[in-house]
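Colleague: I have a structure I would like to understand better, so I am pasting it below and will then ask my questions one at a time.
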Amino acid sequence: YPYNLDFDYGALAQLQHFSINNLGDPFIESNYGVHSRQFEVGVLDWFARLWEIEKNDYWGYITNCGTEGNLHGILVGREVFPDGILYASRESHYSVFKAARMYRMECVKVDTLISGEIDCADFRAKLLANKSKPAIINVNIGTTVKGAVDDLDLVIQTLEGCGFSRDRFYIHCDGALFGLMMPFVKRAPKVSFKKPIGSVSVSGHKFVGCPMPCGVQITRMEHVNALSSNVEYLASRDATIMGSRNGHAPIFLWYTLNRKGYNGFAKEVQKCLRNAHYLKDQLRAAGIGAMLNELSSTVVFERPRDEDFVRRWQLACEGNIAHVVVMPSVSIEKLDVFLNELVKNRSTWYQEKQPPCIAADIGKENCACPLHK
């Protein structure tokens, strides 16, 4: 699973003696005194600088997970365009489609390329079929299974080419997995509020390495006013999804952001990409089909036949494929142990049968079945 386990928060151990609750709006103090709002705002400011939006132009909060970030981003989009249609690629995270059900939104699923990236030709056709209604778009900065990064610039070009002016579309960027990695990857499409996007979310317990599930959601101040309401009981305003929010998470996030800094994260990103390429190359050398997207550290390969092996390595599987998400805590040594076990077990799985063809999932150029070798 895509968790960075390379962390040490021993210096923060004493915080477990406190019940820290960040109720309501992070920028407006409530009547509960044990909070970490100053750390929360510090974290939000850090991400605002990363995604290029001025302090007075954004609003955001520390969420409980990546799903909450998507629920909030899509909710803001729906409030901006109550009659809008939600467009999301078929390989978007399930929480995007959960949001569509919860909010009773019309949702159009867009086809994907073999890489998992949104197919903008199909996106264009579906936009043209619904030109009378505004568009709310989920853009993936790292899909769940294949780690594909949608081309944000091409999505915007497609919208504008179909006649959607900037006051008729809202883009939410789901950066749960790679939202913090992409700024440090050369040639990656830049996620920036200087472009016509409405919101960005990222997970804090994945690449960042926070020990508890959490995330960051940032949107434009002009959009969030439609959600915000006074809550007399809290003596505050609230535009969040949840009521009580984990007050420990902002401190842990603030601690690691300041300890590592931009240079530290840049080094970790390069390590992840190097190790992911190593895994892909070693799988192929062993005769196992594997795919790695250019901007990704997610290596996709054939699904192991032994469920005990899947459980031991906690592999996420879908259909005929499984994946390994290479995080900073995944070393070459750990990958070698995994590879040796996989190759050894695989020799017993296919004594009489041929390995499966997974060309439909990863492309024939990446498949290692007898037909495509």
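Its first residue numbered 174, the sequence shown is counted upward by one per residue in my numbering. Positions of the beta carbon are idealized from the N, C-alpha and C atoms, including for glycine.
1) Smallest Cα separation from LYS299: which of ILE201, VAL283 and ALA449?
2) Within its chain, find whatever has a CB closer than 8 Å to the CB of ILE258; leave out the 5 residues flanking it on each side and keep chain order.
3) Starting from the C-beta of CYS530, find all residues in its chain whose C-beta is less than 8 Å away, skip the five residues before and the five after it, and write them out in chain order.
4) May I ask you to list the residues that DSSP assigns as paired with PHE474?
5) Looking only at its own chain, which residues have a Cβ that is under 6 Å from the Cβ of VAL498, when we skip the five neighbours before and after it?
6) Among LEU350, ASN311 and SER520, whose alpha-carbon lies nearest the alpha-carbon of THR317?
7) Rounded to the nearest angstrom, what separates ILE461 and LYS440 at their Cα positions?
8) Rounded to the nearest angstrom, what separates THR285 and ASP534 at their Cα positions?
9) Apart from the five residues just before and just after VAL516, which ones in its own chain have a Cβ nearer than 7 Å to its Cβ?
10) Quick one: grab the DSSP three-state call for LYS282.
11) Please report the distance separating the alpha-carbon of VAL325 from that of VAL364.
12) Once you ignore the five residues that flank ARG418 on each side, which residues in its own chain have a CB closer than 6 Å to its CB?
13) So, for LEU353: in the same chain, excluding its five sequence neighbours on each side, which residues have a beta-carbon less than 7 Å away from its beta-carbon?
14) So, with DSSP's three-state summary, where would you put LEU259?
15) Quick check: what's the CA-CA separation for VAL358 versus GLU467?
16) Which runs of the alpha helix (DSSP H) spanning at least 4 residues fall entirely within the stretch 488-540, listed in chain order?
17) Per DSSP, what kind of secondary structure is THR240 in: helix, strand or coil?
18) Taking the alpha carbon of TRP486 as the reference point, which residue from ALA463, LEU512, LEU465 and GLN527 has its own alpha carbon closest?
19) Any idea what DSSP makes of LEU407, helix, strand or coil?
20) Determine the direct distance from the alpha carbon of GLY246 to that of SER372, and round the result to whole angstroms.
21) By the three-class DSSP mapping on this structure, what secondary structure does ASN119 have?
22) Within a Cβ cutoff of 6 Å, which residues of the same chain sit near ARG457, ignoring the five residues on either side of it in sequence?
23) At what residues does the alpha helix (DSSP H) containing HIS421 begin and finish?
24) Applying the 10 Å Cβ sphere with the 16-neighbour rule, what's the burial state of VAL312?
25) Among LEU223, GLY536 and PRO477, which one has its Cα closest to the Cα of PRO528?
26) With DSSP as the reference, label CYS387 as helix, strand or coil.
27) For ILE314, name the three-state secondary structure that DSSP assigns.
28) Taking ALA399 as the reference, which of LEU248, ASP292 and CYS238 has the closest Cα?
29) With distances taken Cα to Cα, identify the nearest neighbour of CYS490 among GLN455, VAL473 and GLU514.
30) Indicate the three-state DSSP secondary structure (helix, strand or coil) for TYR115 in the structure shown.
31) Do SER268 and ASN243 count as a contact pair if the criterion is CB distance below 9 Å?
32) Using only the alpha-carbon positions, how far apart do ARG274 and ALA184 sit?
33) Can you give me the C-alpha to C-alpha distance between LEU332 and ARG297, rounded to a whole angstrom?
34) Are the CB atoms of ASP181 and MET500 within a distance shorter than 9 Å?
35) Could you tell me if HIS190 is buried or exposed, where buried requires 16 or more neighbouring beta carbons within 10 angstroms of its beta carbon?
36) Thinking C-alpha only, which one of PRO423, CYS346 and LEU327 is nearest ASP295?
Modeller: So, to answer that:
1) One-based indexing of the sequence shown puts residue 299 at position 126. Here the closest residue by C-alpha is VAL283.
2) Stepping through the sequence shown from its first residue, residue 258 is reached at position 85. Within the same chain, ILE258 has close Cβ partners MET278, GLU279, CYS280, VAL281, ASN303, LYS306, PRO307, ALA308 and ILE309.
3) Working through the sequence shown from its first residue, we reach residue 530 at position 357. Taken in chain order, the residues that qualify are CYS540, CYS542, LEU544 and HIS545.
4) Translated into the one-based positions of the sequence shown, residue 474 becomes position 301. ALA463 and ALA495, per the DSSP bridge assignment.
5) Along the sequence shown, one-based indexing puts residue 498 at 325. So the list reads PRO175 and THR471, once near-sequence residues are dropped.
6) As a working mapping, residue 317 is identified with position 144 in the sequence shown. If we check each option's Cα against that of THR317, LEU350 comes out closest.
7) Taking the sequence shown and counting its residues from 1, the one referred to as residue 461 is at position 288. Taking the sequence shown and counting its residues from 1, the one referred to as residue 440 is at position 267. About 29 Å.
8) Locating residue 285 in the sequence shown gives position 112, counting from the first residue. Locating residue 534 in the sequence shown gives position 361, counting from the first residue. In a straight line, the C-alpha of THR285 is about 11 Å away from that of ASP534.
9) Indexing the sequence shown from 1 puts residue 516 at position 343. Cβ within range, chain order: ALA459.
10) As a position in the sequence shown, residue 282 is number 109, starting the count at 1. Note: LYS282 maps to strand in three-state DSSP.
11) One-based indexing of the sequence shown puts residue 325 at position 152. One-based indexing of the sequence shown puts residue 364 at position 191. Reading off the sequence shown, one finds Leu at residue 325, where the question assumed Val. If I take the Cα positions, the gap works out to 7 Å.
12) Counted from its first residue, the sequence shown places residue 418 at position 245. Counting only Cβ-Cβ distances below 6 Å, and skipping sequence neighbours, we find ASN195.
13) The residue given as residue 353 occupies position 180 in the sequence shown. Excluding residues within five positions, the ones whose Cβ falls inside 7 Å are VAL375, PHE380, VAL381 and PHE438.
14) As a working note, residue 259 is residue 86 in the sequence shown. Of the three classes helix, strand and coil, the one that applies to LEU259 here is strand, per DSSP.
15) Taking the sequence shown and counting its residues from 1, the one referred to as residue 358 is at position 185. Taking the sequence shown and counting its residues from 1, the one referred to as residue 467 is at position 294. When rounded, the distance between both Cα atoms is 10 Å.
16) 505-522 and 532-535
17) Looking up residue 240 in the sequence shown gives position 67. It is helical.
18) The residue you call residue 486 lines up with position 313 of the sequence shown. Comparing Cα positions, the closest option is LEU512.
19) Looking up residue 407 in the sequence shown gives position 234. With a pLDDT of only 48 at LEU407, under 50, the local geometry of the prediction cannot be trusted, and the value read off the model is given with reservation. If DSSP states are grouped into helix, strand and coil, LEU407 belongs with coil.
20) Within the sequence shown, numbered from 1, the residue matching residue 372 stands at position 199. Within the sequence shown, numbered from 1, the residue matching residue 246 stands at position 73. If I take the Cα positions, the gap works out to 6 Å.
21) An answer regarding residue 119 cannot be provided, because it is not within the stretch 174 to 546 covered by the chain.
22) Taking the first residue of the sequence shown as position 1, residue 457 is located at position 284. Result list for ARG457: ALA463, in chain order.
23) By 1-based counting over the sequence shown, the position of residue 421 is 248. Start and end: 421-458.
24) The residue labelled residue 312 in the question sits at position 139 within the sequence shown. So VAL312 ends up on the buried side.
25) Translated into the one-based positions of the sequence shown, residue 528 becomes position 355. When each option's Cα is compared against that of PRO528, the closest is PRO477.
26) Sequence index remark: in the sequence shown, residue 387 carries index 214 (1-based). Here CYS387 sits in coil by DSSP.
27) The residue given as residue 314 occupies position 141 in the sequence shown. Three-state result, ILE314: strand.
28) For this step, residue 399 is matched to residue 226 along the sequence shown. Per the Cα distances, LEU248.
29) Here residue 490 refers to the residue found at position 317 of the sequence shown. Nearest C-alpha to CYS490: VAL473.
30) Absent from the model: residue 115. The displayed extent of the chain is 174 to 546, so no value can be given.
31) Sequence index remark: in the sequence shown, residue 243 carries index 70 (1-based). Sequence index remark: in the sequence shown, residue 268 carries index 95 (1-based). It is a contact, given that the beta carbons lie within the stated cut-off.
32) For the purposes of this step, residue 274 is taken as residue 101 along the sequence shown, with counting starting at 1. For the purposes of this step, residue 184 is taken as residue 11 along the sequence shown, with counting starting at 1. Computed Cα separation, rounded: 42 Å.
33) Reading the sequence shown from its first residue, position 159 is the one you call residue 332. Reading the sequence shown from its first residue, position 124 is the one you call residue 297. Taking the straight line joining both Cα atoms gives about 7 Å.
34) Residue numbering aside, residue 500 sits at position 327 when the sequence shown is read from its first letter. Residue numbering aside, residue 181 sits at position 8 when the sequence shown is read from its first letter. No, the pair does not count as a contact, with Cβ atoms beyond the cut-off.
35) Working through the sequence shown from its first residue, we reach residue 190 at position 17. Flag for HIS190 reads exposed.
36) As a first step, residue 295 is located in the sequence shown; it is residue number 122 there, counting from the start. If we check each option's Cα against that of ASP295, LEU327 comes out closest.
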